[in-house]
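Numbering (this note's numbering), first residue to last: 175 to 329.
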Amino acid sequence: MPSRRMLTAITAVALSTIIAVVVLLVVAAPPAEAPGSNEGGPGLPAQVPGETYTGEPIDLEAALVVGSEGCFRLDTADGERFVIWPPGFTTGGDAVVDADGEVIPDGATVGAEGVEMPYDALLAIEGPDGYWANVAGFCIGDDETVLVLDAVRLL
Numbered sequence: 175m176p177s178r179r180m181l182t183a184i185t186a187v188a189l190s191t192i193i194a195v196v197v198l199l200v201v202a203a204p205p206a207e208a209p210g211s212n213e214g215g216p217g218l219p220a221q222v223p224g225e226t227y228t229g230e231p232i233d234l235e236a237a238l239v240v241g242s243e244g245c246f247r248l249d250t251a252d253g254e255r256f257v258i259w260p261p262g263f264t265t266g267g268d269a270v271v272d273a274d275g276e277v278i279p280d281g282a283t284v285g286a287e288g289v290e291m292p293y294d295a296l297l298a299i300e301g302p303d304g305y306w307a308n309v310a311g312f313c314i315g316d317d318e319t320v321l322v323l324d325a326v327r328l329l
């Protein structure tokens with residue numbers, strides 16, 4: 175029968191081994207990642223096929239602004255504005271990627287054509303529980319209109 179001293183030594187070695195394994199697992203684990211620039215926010219709101227967007231025609235030049243919450247806006251003479259992008263546009267990190275794959279980085283100036291649509295008219299497309307209410311509600315701030323773009327070009 176092992177002595178008390180021997181049992182204490184075995185217990186100490188076992189406990190030390192367990193602690194060493196836990197420490198190694200913690201140290202070897204990959205670091206926690208902060209949300210990337212393409213995480214958070216509702217993604218890039220783009221026109222939905224079959225929907226009609228009406229409003230006053232616009233033709234403008236503005237800088238792309240990617241907010242810390244993940245919303246993509248244009249910085250116009252009237253301030254930062256919520257944008258619905260043309261079909262086929264997506265995101266790539268802190269950039270908008272057009273339907274042809276051209277990257278429009280945060281801060282870049284674009285030329286854009288489309289309509290300035292009343293926010294209420296946008297919500298009327300699907301109602302208060304629809305996609306646009308959720309996306310615009312997350313990103314729009316207190317603007318009364320949104321920019322619905324039909325064409326965007328990097329300047």
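We treat Cβ as the ideally placed atom computed from N, Cα and C, and that holds for glycine.
Put simply, the region 300-315 does not touch the region 269-280. Fewer than three CB pairs are less than 8 angstroms apart. T264 sits away from L328, with the two beta carbons spaced by 8 angstroms or more.
A direct Cα-Cα distance of roughly 9 angstroms separates G241 from D280.
Here the alpha carbon of G262 sits roughly 54 angstroms from the alpha carbon of I192. Distance from the CA atom of A282 to the CA atom of V195, rounded to whole angstroms, is 50 angstroms. DSSP, read as helix, strand or coil, puts V222 in coil. Burial of G244 is indicated by the presence of at least 16 other C-beta atoms within 10 angstroms of its C-beta. Going by DSSP, G288 is part of the beta strand (DSSP E) stretching over 283-292. According to the DSSP assignment, F312 belongs to the alpha helix (DSSP H) that extends over 305-313.
With a beta-carbon spacing of about 12 angstroms, V289 and V257 fall beyond the 8 angstroms limit used to define contacts. DSSP, reduced to helix, strand and coil, places E235 within a strand of the structure shown. DSSP, reduced to helix, strand and coil, places A325 within a strand of the structure shown. Between W259 and A220, the CB-CB gap stays under 8 angstroms.
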